[in-house]
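Going by UniProt numbering, 183 is the number at position 183 of the sequence shown; the sequence numbering is gapless.
Glycine included, every Cβ here is placed at the ideal spot set by N, Cα and C.
Owing to the predicted nature of the structure, the values given are computational and were not obtained by experimental measurement.
Structure, as structure tokens:
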Amino acid sequence: MTAPSHARLPVPPWALAVTAMLSVQLGSALSVHLIGAVGAAGTAWLRLTAGALIILVLARPPLRQIRRRDAPALLGLGVTTGLITTCFLAAIERIPLGTAVAVEFLGPLTVAAVRSHSRRALAWPALALAGVVLLTQPWRGEANPAGLGFAALAAIGWGTYILLTQRVGDRFGGIGGLTITIPVAALTAAVGGIPQAAGHLTAGIVATATGLAVLLPVLPFACEMVALRHMTPAAFGTLMALEPAIGTTLGLLVLGQTPAPAQLLGITLVVLAGAAAQRDGRRSPPGGRSEPAQTGMEILG
């Protein structure tokens, strides 16, 4: 069995990562009202179940390609995805979207710092961390321990998710890996989701959850799976610094959560860190032969 091809993409991998982040945060912002109807766990279960059905319609599970050594990564990624989704939705039920995303970003930030191979690369996570502090502003207002705790659990899961997604993406081409991991994620979320959503389901709620499933998990997870075949974990993790800025912006536009001036400065810092990280973000294919670094214009042109 040959490894999945690492052919050049028609768009730069960092653009896929940014598309995934936009989809995740828009889906999260639009999920707030659904959370009010069926709870955070119920929303996670409905979205992941709908997402699993959509993905299974689009692609068949590569069951014949699965080897015994693939099982830990596939099952681990599925369980991690289910836990991340549930914990993050529980966080935004209690704290502002931008704050939850900023805390969750500490997971990818840790991956970026640990996996970096140069001192210069460590400067970008440090800059992003400064922006995260300004975004969260822990010195202002009353903290919600439960909300911050759920966001912290999502952060731990998100760091694990990056590493497992890269392993699964290297092993299975296209969205083949998602046809296994998303159903596993749905089963994981069902443990708390079914009891919470039971008795509250209507045709409208199911339709809403199905629409939101396209924004999260279908589109972003597919984009991330492809992006992580062409990026290092360090570059991808630091590029995720854009997510607090995106979450804060969509929190303002969709939920009316207005950021303070210090938070706007934090947005600027994380955007700068994310933009700098993608410059050296090309990943060598599994065969060991590295591709020359290219800009988005070179790939598109």
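task = Could you tell me which of R69, A59, A186 sits nearest to G174, measuring between CA atoms?
result = For the purposes of this step, residue 174 is identified with residue 174 of the sequence shown, where counting begins at 1. It is A59.
Check: Quick one, are the C-beta atoms of T110 and A44 less than 8 Å apart?
Finding: Numbered from its first residue, the sequence shown carries residue 110 at position 110. Numbered from its first residue, the sequence shown carries residue 44 at position 44. No; because the gap between Cβ atoms is not below 8 Å, this pair is not in contact.
Taking the alpha carbon of residue 303 as the reference point, which residue from V114, S31, W124 has its own alpha carbon closest?
The question about residue 303 has no answer here: the residues shown for the chain are numbered 1 through 301.
**OP:** Would you mind sorting S118 into buried or exposed? The rule is 16 or more other CB atoms within 10 Å of its CB.
**Re:** Taking the sequence shown and counting its residues from 1, one reaches residue 118 at position 118. S118 should be labelled exposed.
(request) Measuring alpha carbon to alpha carbon, tell me which of L16, A15, V32, L48 ends up nearest L187. (result) The residue given as residue 187 occupies position 187 in the sequence shown. Nearest C-alpha to L187: L48.
Item to complete: Return the CA-CA distance between L9 and A154, expressed in angstroms with no decimal places.
Response: In the sequence shown, residue 9 corresponds to position 9, counting from 1. In the sequence shown, residue 154 corresponds to position 154, counting from 1. Cα-Cα distance, rounded: 30 Å.
- Taking the C-alpha atoms as reference points, what is the distance between L219 and G27? Sequence index remark: in the sequence shown, residue 219 carries index 219 (1-based). Sequence index remark: in the sequence shown, residue 27 carries index 27 (1-based). Cα to Cα, the separation comes out at about 10 Å.
- Nearest-angstrom Cα separation, counted from H33 out to L201: Your numbering for residue 201 matches position 201 in the sequence shown. Your numbering for residue 33 matches position 33 in the sequence shown. Distance between the alpha carbons of L201 and H33: 14 Å.
Can A50 and A209 be called in contact, C-beta distance under 8 Å? Counted from its first residue, the sequence shown places residue 50 at position 50. Counted from its first residue, the sequence shown places residue 209 at position 209. Cβ atoms of A50 and A209: closer than 8 Å.
The alpha helix (DSSP H) that contains W14, what's its start and end?
As a first step, residue 14 must be located in the sequence shown, where it is residue number 14. It spans 13-58 - the alpha helix (DSSP H) in which W14 sits, taken as one unbroken run.
message: Quick check: what's the CA-CA separation for I180 versus A262?
response: Along the sequence shown, read from residue 1 onward, the residue named residue 180 stands at position 180. Along the sequence shown, read from residue 1 onward, the residue named residue 262 stands at position 262. The alpha-carbon atoms of I180 and A262 are separated by roughly 42 Å.
Exercise. Please name the residue, chosen from L134, L252, M21, that lies closest to G266 on a Cα-to-Cα basis.
Key: Translated into the one-based positions of the sequence shown, residue 266 becomes position 266. Closest option to G266, Cα to Cα, is L134.
Given 8 Å, three or more beta-carbon pairs between the stretch 92-102 and the stretch 241-259
yes
Notebook entry, point to check: Taking the alpha-carbon positions, what's the T2 to A227 distance?
Noted result: For this step, residue 2 is matched to residue 2 along the sequence shown. For this step, residue 227 is matched to residue 227 along the sequence shown. Reliability fails at T2, whose pLDDT of 43 lies under 50, so the model's placement of it is uncertain and no value is given.
Alpha carbon to alpha carbon, how far is L212 from R167? Within the sequence shown, the letter at position 212 stands for residue 212. Within the sequence shown, the letter at position 167 stands for residue 167. So the two alpha carbons sit approximately 27 Å from each other.
Taking the CB atoms as reference points, tell me whether V271 and A245 lie closer together than 8 Å. By one-based count along the sequence shown, residue 271 stands at place 271. By one-based count along the sequence shown, residue 245 stands at place 245. Yes; because the gap between Cβ atoms is below 8 Å, this pair is in contact.
Next on the checklist: Which residue marks the beginning of the alpha helix (DSSP H) containing F150, and which one marks its end?
Outcome noted: Against the sequence shown, residue 150 aligns to sequence position 150. Here the alpha helix (DSSP H) through F150 covers 145-171.
Q | Pairwise C-alpha distance: I92 and L77 | A | Taking the sequence shown and counting its residues from 1, one reaches residue 77 at position 77. Taking the sequence shown and counting its residues from 1, one reaches residue 92 at position 92. So the two alpha carbons sit approximately 22 Å from each other.
Taking buried to mean at least 16 other C-beta atoms within 10 Å of its own C-beta, is L63 buried or exposed?
Here residue 63 refers to the residue found at position 63 of the sequence shown. It is exposed - the Cβ of L63 has fewer than 16 other Cβ atoms within 10 Å.
| message | If you reduce the DSSP assignment to three classes, tell me which class residue 302 lands in. | response | Because residue 302 is not part of the residues shown, which for the chain are 1 to 301, the question remains open.
Mind checking V57: buried by the 16 CB within 10 Å criterion, or exposed?
For the purposes of this step, residue 57 is taken as the residue at position 57 of the sequence shown. Under this definition V57 is an exposed residue.
Between the Cα of G149 and the Cα atoms of C87, L127, A112, which residue gives the shortest distance?
-> Walking along the sequence shown from the start, residue 149 turns up at place 149. Looking at the Cα atoms, C87 is the closest of the given residues.
Next on the checklist: Can you tell me whether T80 is buried or exposed? The criterion is at least 16 other CB atoms within 10 Å of its CB, across all chains shown.
Outcome noted: Taking the first residue of the sequence shown as 1, we reach residue 80 at position 80. T80 comes out buried.
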